[in-house]
Each structure stands twice: as structure tokens, then as C-alpha cells.
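J.:
Residue numbers (the working numbering): 472 to 734.
(1) In the DSSP assignment, the alpha helix (DSSP H) including residue 518 goes from what residue to what residue?
(2) Measuring CA to CA, which of 600, 509, 479 is closest to residue 490?
(3) On a Cα-Cα basis, can you pick out the residue from 554, 719, 593, 556 that is closest to residue 516?
(4) Can you tell me whether residue 596 is buried or exposed, with buried defined as 16 or more other CB within 10 angstroms of its CB?
(5) So is residue 733 buried or exposed if we call it buried at 16+ other beta carbons inside 10 Å?
(6) Please classify residue 668 as buried or exposed, where buried requires at least 16 neighbouring CB atoms within 10 angstroms.
(7) Can you give, in chain order, each stretch of the alpha helix (DSSP H) that sits fully within the region 641-666 and has at least 4 residues?
(8) Tell me, which residues are paired with residue 679 by DSSP?
(9) From the DSSP output, which residues share a beta bridge with residue 582?
(10) What is the residue span of the beta strand (DSSP E) that residue 544 lies within?
(11) Under 9 Å, do residue 445 and residue 541 count as touching if we go by C-beta distance?
(12) Using a Cβ-Cβ cut-off of 8 Å (strictly less than) and excluding sequence neighbours within five positions of residue 696, which residues of its own chain qualify?
(13) As a quick exercise: from 659, 538, 587, pick the residue whose alpha carbon is nearest that of residue 686.
(14) Looking at C-alpha atoms only, which residue of 483, 634, 492 is the closest neighbour of residue 652?
(15) Alpha carbons only, please: which of 528, 539, 526, 590 is nearest the one belonging to residue 555?
(16) Could you please give me the residues that DSSP links to residue 622 through a beta bridge?
(17) Identify the continuous alpha helix (DSSP H) that holds residue 688 and give its terminal residues.
(18) Quick check: the region 559-574 against the region 624-644, are there 3 or more CB pairs under 8 Å?
(19) Span of the alpha helix (DSSP H) holding residue 549?
(20) Within a Cβ cutoff of 8 Å, which residues of the same chain sit near residue 472, ignoring the five residues on either side of it in sequence?
(21) What residues in its chain sit with their C-beta under 6 Å from that of residue 482, if we drop five residues either side in the sequence?
(22) Under a three-way DSSP split, which group does residue 700 fall into?
(23) Would you tell me roughly how many angstroms separate the C-alpha atoms of residue 702 and residue 610, rounded to the nearest one?
(24) So the candidates are 531, 577, 529; which of them puts its Cα closest to the Cα of residue 636?
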């Protein structure tokens with residue numbers, strides 16, 4: 472029989488193309504033991520990612536290697552258990568962090584960057600500094616001024632709005648660990664908001680998701696983030712009104728150069 476007509480071979484080839492759980496096979500009325508064990512491992516890795524503590528010193532060392540200053544902040548959630556139960560507290564700074572940012576703030580800047588644990592510190596440890604290392608030359612070439620990078624613990628996405636406002640930034644980009652999936656405990660999200668301030672909604676942000684080596688590679692994520700930042704500064708907005716058309720530039724479409732030019 473041709474391999475194309477063999478169901479087991481067809482499923483094997485399809486399964487090789489995706490981390491999704493397809494073509495698992497069966498043992499009687501249940502799953503094979505190896506698949507049960509693989510599922511248990513993936514579930515444990517996802518739980519570990521949620522509960523792991525952020526290595527702030529490691530992140531700071533990576534930022535120092537880029538020549539960037541950093542400031543450590545925390546949300547109003549006092550511990551991980553509270554953070555998981557009370558998302559609202561993860562969206563607000565504690566008072567000590569507000570004072571720290573007031574001391575760190577200087578003249579208005581173009582961009583504030585936030586590296587936040589979110590729901591996967593593992594994603595931050597593996598992905599945040601590689602993205603920023605790829606982004607750094609583009610920031611320099613664009614001539615954008617940069618606030619000290621905020622390393623945020625027990626943070627939700629919206630915490631970036633208060634941080635960006637405190638640092639007097641025109642835009643804020645939050646690099647944060649995403650909710651782990653059963654095949655992606657290391658997925659980093661990047662959320663961009665123009666004119667950050669408390670009360671901004673998710674509709675006013677742009678998101679780059681699944682940033683990791685097995686998803687959106689860090690260098691490509693940095694390219695897309697720089698494109699979105701360029702357009703945000705030119706148009707004075709982010710969110711649903713700003714569509715990511717950077718792929719057209721990568722594809723070399725003749726009209727794509729106009730998209731990259733400042734307006």
C-alpha cells in the first residue's frame with residue numbers, strides 16, 4: 472500500500488508538522504501510555520511556568536549587557552497566590568514602586584519598555600532579552616529616547632500603562648509571559664500602547680503573541696515591534712486602528728516601502 476493511503480503513515484506525517492496533539496493512537500479504549508505521560512509532563516511544565524518566580528537579577532544582567540538602565544517595580548499583589556486570585560491587583564503598582572518610578576523619571580521619552588513575569592516567568596527568562604537585543608539597534612537607528620527598563624513582578628499587561636505614564640513615555644511596550652499552553656510554557660507576549668495611562672483598554676493595544684523559538688522568533692518579533700512603533704508614532708495611535716502590515720515589507724511588495732516611511 473502507498474504511504475499516502477496508509478492512515479498511520481498519514482497521521483505520522485501530519486503530527487510531525489505541528490506540536491498539537493493529533494494522531495495520538497489508542498490502546499483499547501484509551502490513549503497509549505506514552506501519550507498519557509507526555510500530557511502529564513506538559514501539564515506539569517505549564518503549572519511550573521505559572522508558579523515560577525521571576526529572576527529579576529538575571530533579566531537586569533541581560534539589560535546591562537545591552538547598555539540599558541533598569542528599575543525594579545512590583546504590582547499591588549503582595550505574593551503569587553494573591554496575584555493569581557486577584558488580577559486587578561496585578562494591574563496597579565504598589566506605592567513603593569510609584570515612588571521609585573518618580574525618582575527614575577526624567578524628561579519625556581519616546582519609549583518605555585517593561586519586562587514582566589505575567590503567567591510565565593520561564594518565557595521571560597528565555598525570550599525577553601533576545602527580543603530586546605534584536606530591537607536595540609533599531610531603537611538606536613530611529614533615534615528614539617528610552618526610559619529605564621522596568622522589571623515588573625506580579626504584573627498584568629495593564630500595569631504597563633501606569634509605568635509608561637510615570638516614566639512620561641509616548642509609548643510603552645510590555646514583554647510579558649503569556650498563559651502557558653500544553654505545548655507552549657515558554658510563550659512571550661508583547662503589548663504595545665501609545666500614550667499609556669491608567670484606564671487604557673485592550674482595544675487600544677497591539678499584541679505580538681507566541682514569541683519563542685518554536686513560534687514567532689525573537690528577531691522577527693523585534694522587527695514587527697519596531698514597525699508597529701514607527702507607525703504608532705507617525706499616526707498617534709495603537710490598537711484596532713493599527714494593523715500589522717510588516718509582512719508586506721518582508722515580502723518585498725513594491726508599495727510596502729510607503730508603509731515603513733514616517734508620515
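Ideal Cβ positions, reconstructed from N, Cα and C, are used throughout, including at glycine.
Values in this document were obtained by computation on a predicted structure and should not be read as measured data.
T.: The structure says:
(1) Taken as a continuous stretch (DSSP letters only), the alpha helix (DSSP H) holding residue 518 covers 504-522.
(2) When each option's Cα is compared against that of residue 490, the closest is 509.
(3) The candidate whose alpha carbon is nearest that of residue 516 is 593.
(4) By the neighbour-count rule (16 or more Cβ atoms within 10 Å), residue 596 is buried.
(5) Its pLDDT being 47, under 50, residue 733 is placed unreliably in this model, and the value from its coordinates should be taken loosely. Classification of residue 733: exposed, given that the 10 Å Cβ count is below 16.
(6) By the neighbour-count criterion, in which 16 or more other beta carbons inside 10 Å mark a residue as buried, residue 668 falls on the exposed side.
(7) For the alpha helix (DSSP H) assignment, the region 641-666 encloses no uninterrupted run of at least 4 residues.
(8) DSSP links residue 679 through a beta bridge to 661.
(9) Beta bridge pairing from DSSP links residue 582 with 617, 642.
(10) Counting along the chain, the beta strand (DSSP E) containing residue 544 begins and ends at 541-545.
(11) Here the chain has residues from 472 to 734 only, and residue 445 is not among them.
(12) Here the set comprises 602, 606, 644, 661, 663, 679.
(13) Distance from the Cα of residue 686 is smallest, within the candidate group 659, 538, 587, for 659.
(14) In terms of CA proximity to residue 652, 492 leads the group 483, 634, 492.
(15) Answer by Cα proximity: 590.
(16) Answer by DSSP bridge pairing, in chain order: 543, 586.
(17) DSSP places residue 688 in no alpha helix (DSSP H); its state is neither H nor E.
(18) The region 559-574 is in contact with the region 624-644.
(19) For residue 549, no alpha helix (DSSP H) segment is defined, and its DSSP state is neither H nor E.
(20) Because the pLDDT at residue 472 is just 43, under 50, the model does not fix this residue reliably, and the value given afterwards should be weighed accordingly. Closer than 8 Å at Cβ, skipping near neighbours: no residue.
(21) The beta carbon of residue 482 sits closer than 6 Å to the beta carbons of 494 from its chain, once the five residues preceding and following it are set aside; these are given in chain order.
(22) Correct three-state label for residue 700: helix.
(23) When rounded, the separation of the alpha-carbon atoms in residue 702 and residue 610 is 14 Å.
(24) Answer by Cα proximity: 577.
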